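Numbering-wise (the UniProt record's numbering), the sequence shown opens with residue 1 and increments by one.
Every residue, glycine too, gets a C-beta built ideally from N, C-alpha and C.
Predicted model only: the values in this text are computed from it and were never measured.
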Amino acid sequence: MIVSTTSSEPIAEVSGLHKRFGAVHAVNDVSLRIGAGETYGLLGPNGAGKTTTISMLAGLLEPDEGTVVVAGTPIRPRSTKGREAIGLVPQDLAIYPDLSGEENLSFFAALYGMPNREASQRVTEILDVIGLTDRRKDRTSKYSGGMKRRLNIGIGLLHSPRLLILDEPTVGVDPQSRNAILESVEALSGEGMAVLYTTHYMEEAERLCDRIGIIDDGTVIAEGTTAELTASIGEQERVRIEVNGQVEDAVEHIRAMDGIADVGADDHALVILASDGSHHLPAIIGHLTDGGAQIGSIDVTRPDLEAVFLHLTGKALRE
1 MIVSTTSSEP IAEVSGLHKR FGAVHAVNDV SLRIGAGETY GLLGPNGAGK
51 TTTISMLAGL LEPDEGTVVV AGTPIRPRST KGREAIGLVP QDLAIYPDLS
101 GEENLSFFAA LYGMPNREAS QRVTEILDVI GLTDRRKDRT SKYSGGMKRR
151 LNIGIGLLHS PRLLILDEPT VGVDPQSRNA ILESVEALSG EGMAVLYTTH
201 YMEEAERLCD RIGIIDDGTV IAEGTTAELT ASIGEQERVR IEVNGQVEDA
251 VEHIRAMDGI ADVGADDHAL VILASDGSHH LPAIIGHLTD GGAQIGSIDV
301 TRPDLEAVFL HLTGKALRE
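Printed below as a string of structure tokens:
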């Protein structure tokens, strides 16, 4: 396992988390630390244990074993102690469509128990942070998907948490809103907030995250900076070939070739890790065409985070 530590004092510290659902060991001995001003990316394919881990970290689910400490306070589902240090932005929108953006924020500020004057000031600040000041009076049913996502983040920020948990905050948003969200996250970590970020977009993780944990089958199998993780698979190249037709026999031949580290699938394409992808390309194409497959575009790239993920899990991130 690749492990990198952060020198900053941890805002969130998770130790030895386990969670079972019947025969399924959904989370298996997960430990992680997130420091002040650090954005930590938790990446994994569907069913890897991300949501269960987040639920235990946010105090929504009781772990079978292990501890969660945020800002020095143990977090337990049956206790509200320490919850004020956590801001959770779920993947599902948690806003009221019949209320305006300003009214949504004011409502949640009241739930947090903020005095009226403090709440009014904080709502104004958050509207500015999420770029919705000019739409503050509009009902959120008229908001675009990206605007709703930004408001969702604003609700999580209202009480100035020490730890912000963002669960795939850019799903289904337009490019402009997506960039606005990413800029907001960058600013938050720059102001000293600890951020736990999950995403299905590798480029987001590479842009935002100081460190990344890769979780698969309930276990964190690697952790480190992007540079540390990519270095872990050596100087292999990633060859992506769009292909149609039967490829099973060709895949077996390709996997058996010298210098081929791994072969996987990603959206109607083969993704191959090789020590010298360009050198192996003619033989790879030969195996595919001999099997009757039709080849589309071909792309050869140096190691990146996506290559690491495929190498470690045998799956594309979106699987």
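### Task
Give the C-beta separation of Asp64 and Thr219 to the nearest angstrom, bearing in mind that I take them to be a contact with Cβ-Cβ under 8 Å.
By one-based count along the sequence shown, residue 64 stands at place 64. By one-based count along the sequence shown, residue 219 stands at place 219. Between Thr219 and Asp64 the Cβ distance is about 15 Å, and since that is not below 8 Å, they are no contact.
### Query
Who pairs with Val300 in a beta bridge, going by DSSP?
The residue you call residue 300 lines up with position 300 of the sequence shown. Answer by DSSP bridge pairing, in chain order: Val239.
### Query
Less than 7 Å separating the beta-carbons of His280 and His253?
Sequence index remark: in the sequence shown, residue 280 carries index 280 (1-based). Sequence index remark: in the sequence shown, residue 253 carries index 253 (1-based). If you check the CB distance, His280 and His253 do not come in under 7 Å.
### Task
List the DSSP bridge partners of Val30.
By 1-based counting over the sequence shown, the position of residue 30 is 30. Leu17.
### Query
Do Ile86 and Pro161 come within 7 Å of each other at the CB atom, strictly closer than that value?
The count along the sequence shown starts at 1 and reaches residue 161 at position 161. The count along the sequence shown starts at 1 and reaches residue 86 at position 86. It is a contact, given that the beta carbons lie within the stated cut-off.
### Task
Identify which residue in Leu208, Leu17 and Ala250 has its Cα closest to the Cα of Asp290.
By one-based count along the sequence shown, residue 290 stands at place 290. Of Leu208, Leu17 and Ala250, the smallest CA-CA separation from Asp290 is found for Ala250.
### Message
Considering only the alpha carbon of each residue, which of Glu183, Asp304 and Glu204 lies closest to Thr230?
### Response
As a first step, residue 230 is located in the sequence shown; it is residue number 230 there, counting from the start. Thr230 has its Cα closest to that of Asp304, out of Glu183, Asp304 and Glu204.
### Query
Glu191: buried (16+ other C-beta within 10 angstroms of its C-beta) or exposed?
Taking the first residue of the sequence shown as position 1, residue 191 is located at position 191. The residue is exposed, with fewer than 16 neighbouring Cβ atoms inside 10 Å.
### Query
Exposed or buried, which one is Asp216 when buried takes at least 16 other CB atoms within 10 Å?
The sequence position of residue 216 within the sequence shown is 216, counting from 1. Buried is the call here.
### Three-state secondary structure assigned by DSSP to Val89
As a working note, residue 89 is residue 89 in the sequence shown. Secondary structure of Val89 (DSSP, three-state): strand.
#### Entry: Contacts around Thr225, its chain only, beta-carbon distance under 8 Å, and the 5 residues preceding and following it disregarded
Mapped onto the sequence shown, residue 225 falls at position 225. Excluding positions up to five away in sequence, the list reads Ser4, Asp210, Arg211 and Ile212.
### Message
Just verifying my parser: in three-state terms, what is the DSSP assignment at Leu229?
### Response
Residue mapping note: residue 229 aligns to position 229 of the sequence shown, counting from 1. Leu229 falls in the helix class under three-state DSSP.
### Query
Based on Cα-Cα distance, which residue from Val27, Pro10 and Glu9 lies nearest to Gly16?
Numbered from its first residue, the sequence shown carries residue 16 at position 16. Checked all of Val27, Pro10 and Glu9; the closest Cα to Gly16 is Val27.
### Query
For Ile79, does the count of other Cβ atoms within 10 angstroms reach 16, so buried, or fall short, so exposed?
Along the sequence shown, read from residue 1 onward, the residue named residue 79 stands at position 79. It is Ser, not Ile, that sits at residue 79 in the sequence shown. So Ser79 ends up on the exposed side.
### Task
Could you pull the start and end residues of the alpha helix (DSSP H) that Val263 belongs to?
Here residue 263 is taken as the residue at index 263 of the sequence shown, counted from 1. Per DSSP, Val263 is not a residue of any alpha helix (DSSP H); the beta strand (DSSP E) it occupies stretches across Ile260 to Ala265.
#### Entry: Contact under 7 Å by Cβ, Lys19 with Thr52
For the purposes of this step, residue 19 is taken as residue 19 along the sequence shown, with counting starting at 1. For the purposes of this step, residue 52 is taken as residue 52 along the sequence shown, with counting starting at 1. By the CB criterion at 7 Å, Lys19 and Thr52 fall inside the cutoff.
#### Entry: Cβ neighbours of Glu186 in the same chain (closer than 6 Å, five flanking residues each side left out)
Here residue 186 is taken as the residue at index 186 of the sequence shown, counted from 1. Beyond the five residues adjoining it in sequence on each side, Glu186 comes within less than 6 Å, by CB distance, of no other residue in the same chain.
### Message
Assuming contact is defined by CB atoms lying nearer than 7 Å, are Asp138 and Ser100 in contact in what I supplied?
### Response
Working through the sequence shown from its first residue, we reach residue 138 at position 138. Working through the sequence shown from its first residue, we reach residue 100 at position 100. Taking the C-beta atoms as reference points, Ser100 is found nearer than 7 Å to Asp138.
### Query
Using 8 Å as the threshold, is the stretch 265 to 282 in touch with the stretch 241 to 248, meaning 3 or more CB pairs across them?
The stretch 265 to 282 vs the stretch 241 to 248: in contact.
#### Entry: Pro282 classed as buried or exposed, judged by whether at least 16 other C-beta atoms fall within 10 angstroms
On the sequence shown, residue 282 is found 282 positions in, with the first residue counted as 1. Pro282 is exposed by the Cβ-count criterion.
### Query
For Val68 versus Val14, is the C-beta spacing smaller than 7 Å?
Counted from its first residue, the sequence shown places residue 68 at position 68. Counted from its first residue, the sequence shown places residue 14 at position 14. Contact: yes.
### Task
Between the Cα of Arg207 and those of Ser232, Met193, Gly234 and Arg178, spot the shortest distance and give me the residue it belongs to.
Locating residue 207 in the sequence shown gives position 207, where the first residue counts as 1. That would be Arg178, whose Cα lies nearest to the Cα of Arg207.
### Query
Under the rule that 16 or more other beta-carbon atoms within 10 Å means buried, what is Thr301, buried or exposed?
By 1-based counting over the sequence shown, the position of residue 301 is 301. The residue in question, Thr301, is exposed, as its Cβ has fewer than 16 Cβ neighbours within 10 Å.
### Query
Cα separation between Gly113 and Gly49?
The count along the sequence shown starts at 1 and reaches residue 113 at position 113. The count along the sequence shown starts at 1 and reaches residue 49 at position 49. Rounded to the nearest angstrom, the gap between the Cα atoms of Gly113 and Gly49 is 33 Å.
### Message
Less than 7 Å between the C-beta atoms of Pro77 and Gly59, yes or no?
### Response
Along the sequence shown, read from residue 1 onward, the residue named residue 77 stands at position 77. Along the sequence shown, read from residue 1 onward, the residue named residue 59 stands at position 59. Yes. Within cutoff.
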